[in-house]
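Data block below; observations after.
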Amino acid sequence: MPYEFIKIDKSERVAILKLNRPKALNALNTQVLKELDLAIDQLDKDESVDVIIITGEGKAFVAGADITEMKDLNAEEGRRFGNFGQKVFRKIEKMEKPVIAAVNGFALGGGCELAMCCDMRIASEKAKFGQPEVGLGIVPGFSGTQRLPRLVGIGKAKELIFTGDIIKAEEAEKIGLVNKVVAHEELMNEAMDLAKRIVKNAQKAVRYANIAINRGIETDIETGIEIEADLFGLCFATKDQKEGMTAFVEKRKAEFKGE
Ligand code: CO8
Numbered sequence: 013m014p015y016e017f018i019k020i021d022k023s024e025r026v027a028i029l030k031l032n033r034p035k036a037l038n039a040l041n042t043q044v045l046k047e048l049d050l051a052i053d054q055l056d057k058d059e060s061v062d063v064i065i066i067t068g069e070g071k072a073f074v075a076g077a078d079i080t081e082m083k084d085l086n087a088e089e090g091r092r093f094g095n096f097g098q099k100v101f102r103k104i105e106k107m108e109k110p111v112i113a114a115v116n117g118f119a120l121g122g123g124c125e126l127a128m129c130c131d132m133r134i135a136s137e138k139a140k141f142g143q144p145e146v147g148l149g150i151v152p153g154f155s156g157t158q159r160l161p162r163l164v165g166i167g168k169a170k171e172l173i174f175t176g177d178i179i180k181a182e183e184a185e186k187i188g189l190v191n192k193v194v195a196h197e198e199l200m201n202e203a204m205d206l207a208k209r210i211v212k213n214a215q216k217a218v219r220y221a222n223i224a225i226n227r228g229i230e231t232d233i234e235t236g237i238e239i240e241a242d243l244f245g246l247c248f249a250t251k252d253q254k255e256g257m258t259a260f261v262e263k264r265k266a267e268f269k270g271e
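All residue numbers in the sequence shown are consecutive under this note's numbering, ending with 271.
See below:
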């Protein structure tokens, strides 16, 4: 399917989804969000893909939702726009295949929110993070008020959201907003390296672990433990579990088929 603002490259079971609207610093307007929604559906179904990396073209990852498009919205239209972005980001968050954000530059507002709905974040040393919405007269609207406190704690999230401060990658790493900061030119190599370290494993197990973590974090620990037990049991119905354990016993490398 042809996209105007998204590029997809696939190799070695990893798909790189690049937001490609550099003239507007990859700002998320309705069309970009619709394309992102479709691209995620496409990659979710694509059996040749195990891990997805999301990144941005040019000097921004994403500089936020499109301010030009939002400027004249009324309350109902604003709600609808925010809700659409929330749905797309929730879809990314709930996807069983791991998603890595490779944050190459500005990740502001909706851009920081996009990075946060991914499973892991690798940042270039040039990346900058922030939720500057209150300086525009709005609150974060693509679930930043919900995901930022879950990631960095309530106090730090409130500080970032109330001040609109923009922080460097190094600070983002210190507060737990990103997994790792790397030299700018190494960003995609590092993201690919992380992806490949995931791809070498049993993919059903990886996906079940993702479900267990995502569902468990949203519930009490007793229910979370039950969810884990169910998924743990399901692993024993996979061919890869038999292969993984047989290979261990036979002292050879496992050959997983994703089945
Ligand atoms: N929306 C639209 N256009 C943008 C955006 C944006 N968020 N960010 C940058 N652009 C455009 C600029 O207008 C400019 O266009 P042009 O060349 O036509 O003038 C072009 O991209 C390049 O930008 P700059 O010249 O400003 O580049 P600088 O390097 O000087 O500055 C900054 C980079 C600091 C990133 C600056 O562009 C900036 O501050 N951008 C806005 C950042 C921001 O406030 N983001 C938050 C937006 S609000 C949001 O994301 C809310 C999400 C939930 C919404 C739900 C709503 C209902």
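For every residue, glycine included, the Cβ atom is placed at its ideal position computed from N, Cα and C. All values reported here derive from a predicted model rather than from experimental measurement.
The ligand CO8 has no heavy atom closer than 7 Å to the beta-carbon of Leu199. Closest by C-alpha distance to Ala184, out of Glu137, Ala259, Glu24, is Glu137. The ligand CO8 never approaches Ile104 closely enough for any of its heavy atoms to be under 7 Å from the residue's Cβ. For Phe73, the enclosing beta strand (DSSP E) begins and ends at 72 to 74. Around the beta carbon of Gln143, 16 or more other beta carbons lie within 10 angstroms, which makes this residue buried.
By the CB criterion at 8 Å, Arg25 and Val193 fall outside the cutoff.
A direct Cα-to-Cα measurement between Cys247 and Gly156 gives close to 34 Å. In terms of CA proximity to Gly270, Lys216 leads the group Lys263, Pro161, Lys216.
Take the alpha-carbon of Phe244 and the one of Thr231: they are about 18 Å apart. Annotation for Lys251: the continuous alpha helix (DSSP H) segment containing it runs 251 to 261.
The continuous beta strand (DSSP E) containing Asp21 extends over residues 18 to 23. Collapsing the DSSP output to three states places Thr231 in coil.
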